[in-house]
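As structure tokens, the structure follows; a few thoughts come after it.
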Amino acid sequence: MEKKQHTISVLVENKFGVLARVAGLFSGRGYNIESLSVNATHDPAVSKMTIVTKGDDAIIEQIDKQLNKLIDVIKVTDLTGSEFIERELMLIKVKAAGKNRAEVIQITEIFNGKIVSVHKSELGIELSGSSQKISDFINMMSEFGIIEIARTGRVAISRNPGATENYSKV
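If you want it as structure tokens, here you go:
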């Protein structure tokens with residue numbers, strides 16, 4: 002079976018140790034987390050985790066079942082296959098001296114990025130967008146010389162009207 006990337010939204014009680022238990026579930030079963038983002042929701046008692054992982058249907062089904070067994074998990078939703086909005090934030094430092102500087106700035110503008118730091122031989126750039134957009138920008142910047150990258154990981158919500166994250170365990 003083909004392993005494909007899945008974006009999983011997990012609502013959890015905002016308590017000490019929940020993140021460690023969720024991460025432990027993955028590592029204890031040999032599943033890799035490609036990206037993890039977590040923060041409180043509009044309800045401070047509830048946090049939302051967005052987890053990106055790869056697996057075939059059987060592995061993803063197993064992850065879903067194991068997550069739902071955790072006491073602090075409220076709801077698990079695999080957004081993959083449905084319409085959802087996803088974004089990532091990246092900060093990147095790129096070598097940009099001489100004539101390369103204008104080209105780096107131009108590409109940054111095309112990608113709707115923002116120059117956040119300017120030095121004689123490098124530029125710091127902020128970029129947000131889909132994971133694919135971020136990866137495409139990194140590929141474009143690699144020819145100039147990447148000094149450092151920091152990415153947030155994916156955050157995602159359903160695009161479907163009326164689809165909401167309810168806060169009661171299913």
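Note that this note's numbering has the sequence shown beginning at 2, numbered continuously upward.
Positions of the beta carbon are idealized from the N, C-alpha and C atoms, including for glycine.
Owing to the predicted nature of the structure, the values given are computational and were not obtained by experimental measurement.
Here the alpha carbons of residue 100 and residue 4 stand approximately 43 angstroms from one another. Put simply, the backbone Cα of residue 146 is about 46 angstroms away from that of residue 70.
Distances from the alpha-carbon of residue 148 to those of 123, 157 and 65 put 123 closest. Between residue 114 and residue 138, the gap from beta carbon to beta carbon is short of 8 angstroms. Only residues of its own chain outside the window of five on either side were considered, and among them 10 have a CB closer than 6 angstroms to the CB of residue 78, listed in chain order.
At the C-beta level, residue 51 and residue 157 come within 8 angstroms of one another. Two segments are said to touch when three or more pairs of C-beta atoms, one from each, lie closer than 8 angstroms; by this definition the segment 14-26 does not touch the segment 81-100. Partner residues in the beta bridge of residue 6, as assigned by DSSP, are 55.
Counting along the chain, residue 127 sits inside the beta strand (DSSP E) bounded by residues 123-130.
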